[in-house]
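Enquirer: Pasting in a structure now, in structure tokens, and then I'll have a few things to ask.
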Amino acid sequence: MGMNPRGTRARRARRAPKAVWLAAGAVVLAGTGVTAVAVTGGSESTGADDNSRAAKAHTLALDGKDAKKRELPRTQTQLFSLVGVSWEDSADDFEGTAQIRTRSADDGTWTDWRDLDFDIRAPESEEGDASGVRGASEPLWVGPSDAVEARVAAGGKETAVPQALRLDMIDPGGTDTGRGQGKENGTSKPSAEPKKTDTAAPSPSSTGGGTAPSTAPEPTGASSEPTEAPATDQPVSPTAPAPSEEPIEEPQEPTAEPSAPAPSQEPTARPSAPTEDPTAPTPPVTEEPQEPTAEPSASAPSQEPTAEPSAAPTGEPTTQPSTQPDPAESTGPTAPAAPSIVSRADWGADESLVADPPSYLDKVDAVFVHHTAGTNSYDCTESPAIIRAILTYHVKTNGWNDIGYNFFVDKCGTVFEGRAGGVDKPVRGAHTYGFNGYSSGVSLLGDYENGGTPTPAAKQAIADIAAWKLGLHGVDPEAEVTLTAAGDTGVYKTGEKATLNTVSGHRDGFATLCPGATLYSALPEIRRTAGASVYAH
């Protein structure tokens, strides 16, 4: 359980909110006497598609006469797939236990009691001090559910549960067209192959390097995964977009004839490999000039140098983030192509939730590795829904401006864009309290503290995205760095110097079990893999 050093200080004065984004309506659920507050964003539109079903948040107040505990009997609710508890003031620490059990919307069975973790912290910046920011547990992915039971008890030195305690339930919504789902799930390439399909992506990230993978599933991805039943809130067209992209490059491949294997540098005879490897030094094939021209916008951003892109942004928010780091990145050593990254548009981010522009760092000095906790039995087709739910939870429950992590990786090895602002830009996240001002955060979907083991595909993907992100700033993924803690983290005091690996676990900087025992123990291997990655500088 994480510790909150700020919980001992006086309650802060809150600054006025920058935007009003919550609309709440109270509804009494029949037969329960419990108030449910349905919270929706200011717009039903999403970044994915006009036909998308927007994510929604619902809450149940955890009231009671006992100051030290709260209980919610089995209560029928609106459909949800992710759950957590929250309270009024994020400065109030909660030491105790919170357990929930849910009823499957598919077959009506109830789960066992499951613990909620309290490792989440509001960022040590104006974002964390904003009005409406709440304390909260880590969100727990439970899959499509229609009823819940909860019990919360204060522990340790706590004499009472926090004020305005409530249960937060998130319905991640869905995309009716299948966009942002199957195409980027289970189709991730092992990150050792620097392939890109930017020209075929229907809605690539606004910044370079971020596109949705579109090739067939790799053996190290989908084949190693337990295939549990997909979430019912996902449309049944997971692979629809993929075929539409293949033909775009197929006509050129036959002409890439016998000499194609040379520039591809890949062991498998994958048709798309030659066209997707912008890093090939001097391709001997005469047809090659046609292929780079097919993806000019994709390779340009990824070719940006290791020189710090921070020369322009210098940490100030801007409404035009993509233009700031470019001058500094336009000259210098050539960076390798970015790993395939599923854009926010393609996983269905509701951009109407994000009220303020992103903030930028001067430089990314380190990458912190996290896990999302929750279940490991998710199907990779559920990954976009899980991420949409986390975005909704971080904004509507925690009160943050955007999703906290900079990147997500699922067990199939697919990499997803997290916080908005540009995958190749030094976007300030909200993932590692005390060190958000120096780092980027990568979170692996799943629980790696209670028996889960990261797959080879996931470890490779984490290594590659870390190598690429650090490489943009000339940082060695196998090195160490000394950073100054910007808050009391339970491991370091404010102002204390911390010597950390440039690829570290969340627990290295903050008092938490994250990223879980098995993922943390894999970090030495991940660092070595990052150092040898084709995306390393």
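Residue numbers for the sequence shown follow this note's numbering, so the first one is 94 and each next one is one higher.
Just so you know, even glycine gets a beta-carbon here, dropped at the ideal spot from N, CA and C.
1. Jot down the residue ranges of each uninterrupted beta strand (DSSP E) in the segment 479-536, minimum 3 residues, whole runs only, in chain order.
2. Looking at the secondary structure, which residues open and close the alpha helix (DSSP H) in which A578 lies?
3. Considering only residues of the same chain and omitting the five flanking positions on each side of L593, which have a CB-CB separation below 7 angstroms?
4. Between the alpha carbons of T595 and V457, how many angstroms are there, rounded?
5. Can you name, in chain order, every residue of its own chain whose Cβ lies under 6 angstroms from the Cβ of W440, other than the five neighbours on each side?
6. Let me check understanding here. Comparing Cα to Cα, which of T152, A229, L454, A625 lies closest to D261?
7. T644 and G539: beta carbons closer than 8 angstroms?
8. By Cβ distance, which residues of its chain are closer than 7 angstroms to L563, with the 5 residues on each side in sequence left out?
9. Given P547, which residues of its chain have a CB within under 7 angstroms of its CB, disregarding the five upstream and five downstream residues?
10. Where does the unbroken beta strand (DSSP E) through L153 begin, and where does it stop?
11. Return the Cβ separation of Y498 and R512 in integer angstroms, given the expectation that the two are a contact with Cβ distance under 8 angstroms.
12. Should T202 be labelled buried (16 or more other beta-carbon atoms within 10 Å of its own) or exposed?
13. If I measure Cβ to Cβ from T252 and keep anything under 6 angstroms in the same chain, skipping five residues before and after, which residues do I get?
14. Is A123 helix, strand or coil by DSSP?
15. DSSP on W561, reduced to helix/strand/coil?
16. For P255, I'd like the list of residues in its chain whose CB is within less than 8 angstroms of its CB, leaving aside the five on either flank, ordered along the chain.
17. Can L258 and L155 be called in contact, C-beta distance under 8 angstroms?
18. Which residues in the same chain as S597 place their Cβ atom closer than 8 angstroms to its Cβ, once the five residues preceding and following it in sequence are excluded?
19. Rounded to whole angstroms, what's the CA-CA distance from A160 to T168? Just pull it up for me.
20. So who's on the other strand from I555, going by DSSP bridges?
21. Give every residue of the same chain whose Cβ lies closer than 6 angstroms to the Cβ of A215, excluding the five residues on either side of it in the sequence, and list them in chain order.
22. Quick check on Y453: does DSSP put it in helix, strand or coil?
Expert: A quick look at the data gives this:
1. Along the length of the segment 479-536, whole beta strand (DSSP E) runs at least 3 residues long occupy 500-502, 508-510, reported in chain order.
2. If you number the sequence shown from 1, residue 578 lands on position 485. From DSSP, A578 is part of no alpha helix (DSSP H); its letter is neither H nor E.
3. Taking the sequence shown and counting its residues from 1, one reaches residue 593 at position 500. If we look at L593 and ignore the five residues flanking it on each side, its Cβ neighbours are A459, E573, V574, L576, D601, G602.
4. The sequence position of residue 595 within the sequence shown is 502, counting from 1. The sequence position of residue 457 within the sequence shown is 364, counting from 1. Taking the straight line joining both Cα atoms gives about 9 angstroms.
5. For the purposes of this step, residue 440 is taken as residue 347 along the sequence shown, with counting starting at 1. Result list for W440: G273, P477, I480, F509, in chain order.
6. Locating residue 261 in the sequence shown gives position 168, counting from the first residue. Of T152, A229, L454, A625, the residue nearest in Cα terms is T152.
7. Outside the displayed range of the chain (94 to 630) lies residue 644, so it cannot be described from this structure.
8. Position 470 of the sequence shown holds residue 563. Around L563: V457, V460, P570, T595.
9. By 1-based counting over the sequence shown, the position of residue 547 is 454. Closer than 7 angstroms at the Cβ level, and outside the excluded window around P547, lie L537, Y541, T611, L612, A615.
10. Locating residue 153 in the sequence shown gives position 60, counting from the first residue. Looking at the DSSP string, the run of the beta strand (DSSP E) that includes L153 is 149-154.
11. Within the sequence shown, residue 498 is the residue found at index 405, counting from 1. Within the sequence shown, residue 512 is the residue found at index 419, counting from 1. Yes, Y498 and R512 are in contact; Cβ-Cβ is about 7 angstroms, under 8 angstroms.
12. Working through the sequence shown from its first residue, we reach residue 202 at position 109. With fewer than 16 other Cβ atoms within 10 Å, it is exposed.
13. Within the sequence shown, the letter at position 159 stands for residue 252. Excluding residues up to 5 positions away in sequence, nothing lies with its Cβ nearer than 6 angstroms to the Cβ of T252 in the same chain.
14. Residue numbering aside, residue 123 sits at position 30 when the sequence shown is read from its first letter. Per-residue confidence for A123 stands at a pLDDT of 36, beneath the threshold of 50, marking its modelled position as unreliable; no derived number is given.
15. As a working note, residue 561 is residue 468 in the sequence shown. W561 carries a helical assignment under DSSP once its states are collapsed to helix, strand and coil.
16. As a working note, residue 255 is residue 162 in the sequence shown. W180, E181, D182, D185, F187, G228, listed in sequence order.
17. The count along the sequence shown starts at 1 and reaches residue 258 at position 165. The count along the sequence shown starts at 1 and reaches residue 155 at position 62. In this structure, L258 lies near L155, with their beta-carbon atoms less than 8 angstroms apart.
18. Counting from one through the sequence shown, the residue named residue 597 turns up at place 504. So the list reads A459, V460, F461, V462, L616, once near-sequence residues are dropped.
19. In the sequence shown, the residue the question calls residue 160 occupies position 67. In the sequence shown, the residue the question calls residue 168 occupies position 75. Distance between the alpha carbons of A160 and T168 is about 22 angstroms.
20. In the sequence shown, residue 555 corresponds to position 462, counting from 1. According to DSSP, which records beta bridges pairwise, I555 is partnered with nothing at all.
21. The count along the sequence shown starts at 1 and reaches residue 215 at position 122. S183, G221, V226.
22. Here residue 453 refers to the residue found at position 360 when the sequence shown is read from its first residue. Here Y453 sits in strand by DSSP.
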